[in-house]
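First residue of the sequence shown? That's 253 in our numbering, and the numbers climb one at a time after it. Every residue, glycine too, gets a C-beta built ideally from N, C-alpha and C. This structure is a prediction, so every number in the text was calculated from the model and none was measured.
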Amino acid sequence: MTFRLVVEILPKDGMLDPQGEAVAASLAGLGFDEVSAVRVGRLVSLTVEADSADHAVRRGEEMAGALLANPVMETYRVEVEVR
Numbered sequence: 253m254t255f256r257l258v259v260e261i262l263p264k265d266g267m268l269d270p271q272g273e274a275v276a277a278s279l280a281g282l283g284f285d286e287v288s289a290v291r292v293g294r295l296v297s298l299t300v301e302a303d304s305a306d307h308a309v310r311r312g313e314e315m316a317g318a319l320l321a322n323p324v325m326e327t328y329r330v331e332v333e334v335r
């Protein structure tokens, strides 16, 4: 079966996020005062062949831990995309 995975990668809490800080400052400058924090990350979309959705997610987590994310500095979440 074919599954579409979405891997969300974000800096870990406590890690510097200069892009997030720049976006937060720009939003405040534009009058969006309700925003208190911004984290900027990446979104990776994968199409994989697997026996089940659980198996696809497990493989996606293996890929994220091995290549897509830096587990020392980033967190990641893998989900099956619902269409």
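In terms of Cβ geometry, Glu326 and Pro263 form a close pair [threshold 8 Å]. Per the Cβ contact rule, the stretch 278-289 is not in contact with the stretch 299-315 (fewer than 3 Cβ pairs under 8 Å).
If one requires a minimum length of 4 residues, the alpha helix (DSSP H) runs lying completely within the stretch 287-315 are 305-315, in chain order. In the structure shown, the three-state DSSP call for Val259 is strand.
Where Glu333 is concerned, there is no enclosing alpha helix (DSSP H), because DSSP gives it neither an H nor an E. The beta-carbon distance between Leu257 and Glu314, rounded to whole angstroms, is 11 Å. This is too long to meet the 8 Å contact definition.
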